[in-house]
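Chemist: Starting off with a structure, shown below.
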Amino acid sequence: MKHLKRFSMSLLTTLILAGCSVTPTYERPAAPASAAFKEALPADQAGQWKTAQPAEDQLRGAWWELFKDDQLNRLEIQAQAANQNLKAAAARLAQARALQQQTRSSLFPEVTANFGPTRQRASAASQGLPDNGPAMSTTLWRAQAGVSYEADLWGRVSANVDAATADAQQSEALLRSVQLALQADVAQNYFQVRQLDAERQVYVQTLDLREQTLKLVERRYKEGDISELDVARARSELASAQSEALGIDRNRAGAEHALAVLLGLAPSEFTLPATPLARIDLRVPAGLPSGLLERRPDIAAAERAMAAANDRIGAARAAFFPQLDITGYAGYESSQLGHLFQWSSRTFLLGPLTGAMLSLPIFDAGRRQAGVDRARAVYEEDVANYRQSVLGAFREVEDNLANLRILDDQIGAQDRAVQASSRAAQLSHTQYKEGSISYLDVIDSDRTVLAQQRISAQLDGARALSTVNLIRALGGGWALPTPQVGDSGQITPPTGTDKTAG
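455 is the number that the numbering used here gives to position 326 of the sequence shown; each next residue is one higher, with no gaps.
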């Protein structure tokens with residue numbers, strides 16, 4: 130009984146010492162941030178977009194629905210259900226959570242049980258007998274339960290648990306980052322296809338006009354009004370437009386194939402009907418730079434990497450201090466199986482009895498110090514990566530705000546250019562029919578209006594892509610049902626939305 134009391138006191142002392150931690154106190158490093166974005170829209174021009182609030186533990190919502198495009202909505206949901214990169218990120222999150230649970234188990238005792246016989250022959254020397262003396266052999270049956278536990282004297286175990294927890298949180302943030310990137314990539318590829326559809330529509334109209342012009346030129350040639358040179362020029366312009374239209378078809382096929390892969394489909398399994406891009410005028414407020422630090426999942430992941438590195442400094446420091454492993458066994462032991470569970474067969478072992486289980490580092494040629502130095506260097510690297518992520522995020526927001534601001538003016542100027550070139554082309558065709566100008570003037574005006582209309586379609590596409598890029602740079606937003614991630618990392622898409630791409 131006295132031995133049990135002594136052991137209980139030793140265990141109590143151990144638990145008290147376990148409160149001593151050598152892990153540095155973690156504080157998020159300061160990151161550069163201005164009071165406002167230089168390129169931000171005034172508040173009265175921000176529209177009705179709802180930016181994400183500081184709640185990084187929630188997934189981003191269906192921000193793409195603000196574009197009011199049913200086809201895009203279906204593609205986004207299908208991508209979240211079938212994209213392989215997203216599934217891989219979810220699997221990495223499940224791995225991190227499992228590792229966190231595995232590491233956390235070190236905080237608790239490990240209990241084992243064993244049952245079976247052992248056969249032992251003691252040496253003559255161990256019994257004080259001569260070399261040729263008789264040696265005794267014994268058979269022992271044992272039924273025992275064992276307990277082993279590492280006392281967390283200096284916070285090594287808890288530091289590793291905290292680091293694993295931060296790693297799991299980082300994986301969760303990275304999953305959100307992959308999901309946001311996927312959503313943006315789907316929207317961008319979709320709008321790129323629609324932009325090419327708009328350019329193709331321009332060429333459909335151009336080809337129709339040039340075929341009519343060729344017929345007019347051929348008729349005038351037959352009537353002797355013009356030379357064969359104008360006919361050759363008209364045929365050349367028609368063939369040139371046909372070639373350029375086929376180039377657009379080639380680019381569209383590549384964009385459609387890329388979109389299919391994002392949806393988790395083989396390119397042969399996916400076809401997107403042609404629909405020209407409608408002009409998008411969605412105003413996205415940038416919010417405050419300080420809020421960006423809490424909305425961006427990649428910044429959250431970088432911050433969690435710092436926290437994990439800080440905890441590993443504590444684990445490395447704890448290696449300098451003694452490590453105490455406590456073991457105990459209790460059960461029954463008998464030379465006869467029939468007497469195994471009798472009261473007289475009980476036995477137990479508690480350790481450390483003489484401090485043999487207390488390991489104290491004395492000399493390791495600098496190995497432990499190198500471990501601390503490495504942990505500190507990893508932390509400094511993660512701090513630099515975090516600050517670089519913040520700076521990169523600010524730049525992405527400013528770039529896309531500037532793009533949208535300048536595109537507004539550029540699109541307005543381009544609309545005037547299209548209107549003027551269309552009028553010039555109309556006049557040139559009329560005057561050519563009247564014979565007052567040469568066919569070279571018609572060619573020049575037709576080329577100009579085609580170029581201006583194509584540039585206009587490209588600018589509309591650039592505005593759509595920049596809008597998506599800005600939403601991505603801001604970390605998305607939420608106001609609608611969001612896809613959820615279960616404890617195993619499984620992605621669950623929102624309900625009530627068609628998952629097919631058709």
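Don't be surprised by glycine CBs; every beta carbon is placed ideally from N, CA and C.
Do Val-578 and Ser-550 have their beta-carbon atoms positioned less than 8 Å apart in this structure?
Modeler: In the sequence shown, the residue the question calls residue 550 occupies position 421. In the sequence shown, the residue the question calls residue 578 occupies position 449. Yes, the Cβ-Cβ distance between Ser-550 and Val-578 is below 8 Å.
Chemist: If I follow the unbroken alpha helix (DSSP H) through Arg-381, where does it start and stop?
Modeler: Position 252 of the sequence shown holds residue 381. Arg-381 -> alpha helix (DSSP H) spans 357 to 391.
Chemist: Look up Asp-632 in the DSSP assignment and say whether it is helix, strand or coil.
Modeler: Lying outside 130 to 631, the shown extent of the chain, residue 632 is not represented and no answer is given.
Chemist: Could you work out which residue in Asn-598, Leu-204, Tyr-155 and Ala-591 is closest to Leu-392 when comparing CA atoms only?
Modeler: As a working note, residue 392 is residue 263 in the sequence shown. Among Asn-598, Leu-204, Tyr-155 and Ala-591, the Cα nearest to that of Leu-392 belongs to Leu-204.
Chemist: For Met-435, count neighbouring Cβ atoms within 10 angstroms of its own Cβ and tell me buried if that reaches 16, exposed if not.
Modeler: Start at 1 with the first residue of the sequence shown, and residue 435 comes out as number 306. It counts as buried.
Chemist: Check the DSSP bridge columns for Asn-243 and list the partner residues they point to.
Modeler: Taking the sequence shown and counting its residues from 1, the one referred to as residue 243 is at position 114. DSSP lists Gln-273 as partners of Asn-243.
Chemist: Rounded C-beta distance between Val-322 and Leu-388? I'm assuming under 8 Å.
Modeler: Along the sequence shown, one-based indexing puts residue 322 at 193. Along the sequence shown, one-based indexing puts residue 388 at 259. With a Cβ gap of about 7 Å, Val-322 and Leu-388 count as contacting.
Chemist: Thinking C-beta only, is Ser-300 closer than 8 Å to Arg-221?
Modeler: Numbered from 1 along the sequence shown, position 92 holds the residue referred to as residue 221. Numbered from 1 along the sequence shown, position 171 holds the residue referred to as residue 300. Taking 8 Å as the Cβ cut-off, Arg-221 and Ser-300 qualify as a contacting pair.
Chemist: When DSSP labels each residue in this structure, what does Arg-250 get in the three-state scheme?
Modeler: On the sequence shown, residue 250 is found 121 positions in, with the first residue counted as 1. In the structure shown, Arg-250 sits in a strand (DSSP, three-state: E or B).
Chemist: Would Thr-180 be called buried (16 or more neighbouring beta carbons within 10 Å of its own) or exposed?
Modeler: Here residue 180 refers to the residue found at position 51 of the sequence shown. The predicted position of Thr-180 is uncertain, since its pLDDT is 39 and thus under 50; a value taken from the coordinates is nonetheless stated next. By the 10 Å Cβ count, Thr-180 comes out buried.
Chemist: Can you have a look at Ser-266 and say buried or exposed, based on whether 16 or more other CB atoms are within 10 angstroms of its CB?
Modeler: Here residue 266 is taken as the residue at index 137 of the sequence shown, counted from 1. With fewer than 16 other Cβ atoms within 10 Å, it is exposed.
Chemist: Quick one, which of Gln-371, Lys-351, Ala-506 and Phe-196 has its alpha-carbon nearest Arg-412's?
Modeler: As a position in the sequence shown, residue 412 is number 283, starting the count at 1. With distances taken between Cα atoms, Arg-412 lies closest to Phe-196.
Chemist: Can you give me the start and stop residues for the alpha helix (DSSP H) that Ser-82 sits inside?
Modeler: Residue numbering for the chain in the displayed model covers 130 to 631; residue 82 lies beyond these limits and cannot be assessed.
Chemist: Below 8 Å, can you find three or more Cβ-Cβ pairs linking the segment 442 to 451 to the segment 283 to 292?
Modeler: Taking 8 Å as the limit for Cβ pairs, the verdict is that the segment 283 to 292 does touch the segment 442 to 451.
Chemist: If distances are taken between C-alpha atoms only, which option among Ser-235, Ile-409, Gly-457 and Asn-261 comes closest to Val-634?
Modeler: Outside the displayed span of the chain (130 to 631) sits residue 634, for which this structure offers no information.
Chemist: Measuring only the C-alpha atoms, how far is Gln-273 from Tyr-461?
Modeler: To locate residue 273, count along the sequence shown from 1; it is residue 144. To locate residue 461, count along the sequence shown from 1; it is residue 332. Approximately 6 Å between the Cα atoms of the pair.
Chemist: Measuring CA to CA, which of Glu-156, Gly-564, Thr-152 and Ser-474 is closest to Val-512?
Modeler: Locating residue 512 in the sequence shown gives position 383, counting from the first residue. Per the Cα distances, Glu-156.
Chemist: Sort out for me which residues DSSP pairs Thr-335 with in a bridge.
Modeler: Position 206 of the sequence shown holds residue 335. Answer is none; Thr-335 lacks a bridge partner.
Chemist: DSSP three-state call for Tyr-278: helix, strand or coil?
Modeler: Position 149 of the sequence shown, counted from the first residue, corresponds to residue 278. Strand at Tyr-278.
Chemist: Taking only the alpha-carbon atoms, compute the straight-line gap between His-386 and Gln-330 and give it to the nearest angstrom.
Modeler: Taking the first residue of the sequence shown as 1, we reach residue 386 at position 257. Taking the first residue of the sequence shown as 1, we reach residue 330 at position 201. Looking at the two C-alpha atoms, the distance is approximately 20 Å.
Chemist: Assuming contact is defined by CB atoms lying nearer than 8 Å, are Ile-540 and Arg-505 in contact in what I supplied?
Modeler: The residue you call residue 540 lines up with position 411 of the sequence shown. The residue you call residue 505 lines up with position 376 of the sequence shown. Taking 8 Å as the Cβ cut-off, Ile-540 and Arg-505 do not qualify as a contacting pair.
Chemist: Can you find at least 3 beta carbon pairs, one from the segment 551 to 568 and one from the segment 369 to 378, that sit closer than 8 Å?
Modeler: Counting Cβ pairs under 8 Å, fewer than three are found: no touch.
Chemist: Would you check if the distance between the CB atom of Leu-311 and the CB atom of Asp-589 is smaller than 8 Å?
Modeler: Here residue 311 is taken as the residue at index 182 of the sequence shown, counted from 1. Here residue 589 is taken as the residue at index 460 of the sequence shown, counted from 1. Not a contact, by the Cβ cut-off of 8 Å.
Chemist: CA-CA distance, Arg-250 and Gln-230?
Modeler: The residue you call residue 250 lines up with position 121 of the sequence shown. The residue you call residue 230 lines up with position 101 of the sequence shown. So the two alpha carbons sit approximately 44 Å from each other.
Chemist: Specify whether the segment 335 to 349 and the segment 357 to 365 touch according to this definition: at least 3 beta carbon pairs, one from each stretch, less than 8 Å apart.
Modeler: Touching, yes, given that three or more Cβ pairs across the two stretches are closer than 8 Å.
Chemist: Excluding sequence positions up to five away, which residues of its chain have a Cβ less than 7 Å from the Cβ of Thr-294?
Modeler: Within the sequence shown, residue 294 is the residue found at index 165, counting from 1. Gln-229, listed in sequence order.
Chemist: Would you grab the beta carbon distance between Leu-336 and Ala-370 for me? Rounded to a whole angstrom, and I think it's under 8 Å.
Modeler: Numbered from its first residue, the sequence shown carries residue 336 at position 207. Numbered from its first residue, the sequence shown carries residue 370 at position 241. Yes, Leu-336 and Ala-370 are in contact; Cβ-Cβ is about 5 Å, under 8 Å.
Chemist: What residue ranges within the segment 458 to 503 form continuous alpha helix (DSSP H) runs of no fewer than 4 residues, ordered along the chain?
Modeler: With a minimum length of 4 residues, no continuous alpha helix (DSSP H) run stays inside the segment 458 to 503.
Chemist: Please name the residue or residues paired with Thr-267 in a DSSP beta bridge.
Modeler: Start at 1 with the first residue of the sequence shown, and residue 267 comes out as number 138. Gln-249, per the DSSP bridge assignment.
Chemist: Is the Cβ of Glu-366 closer than 8 Å to any Cβ of chain B?
Modeler: Of the protein chains in this structure there is only one, and it is not chain B.
Chemist: Pull up the CB-CB distance for Leu-309 and Gly-605, whole angstroms please, since I reckon it's below 8 Å.
Modeler: Within the sequence shown, residue 309 is the residue found at index 180, counting from 1. Within the sequence shown, residue 605 is the residue found at index 476, counting from 1. That pair is a contact at about 5 Å.
Chemist: Could you check the C-alpha separation between Ala-554 and Leu-569 for me, to the nearest Å?
Modeler: Residue numbering aside, residue 554 sits at position 425 when the sequence shown is read from its first letter. Residue numbering aside, residue 569 sits at position 440 when the sequence shown is read from its first letter. Those two C-alpha atoms are separated by around 12 Å.
Chemist: Is Ser-518 helix, strand or coil by DSSP?
Modeler: Within the sequence shown, numbered from 1, the residue matching residue 518 stands at position 389. Ser-518: helix per DSSP, three-state reduction.
Chemist: Please classify Asn-261 as buried or exposed, where buried requires at least 16 neighbouring CB atoms within 10 angstroms.
Modeler: Within the sequence shown, numbered from 1, the residue matching residue 261 stands at position 132. By the 10 Å Cβ count, Asn-261 comes out exposed.
Chemist: Among the candidates Pro-414, Arg-552, Ala-225 and Pro-246, whose CA atom is the shortest distance from the CA of Leu-533?
Modeler: If you number the sequence shown from 1, residue 533 lands on position 404. It is Pro-414.
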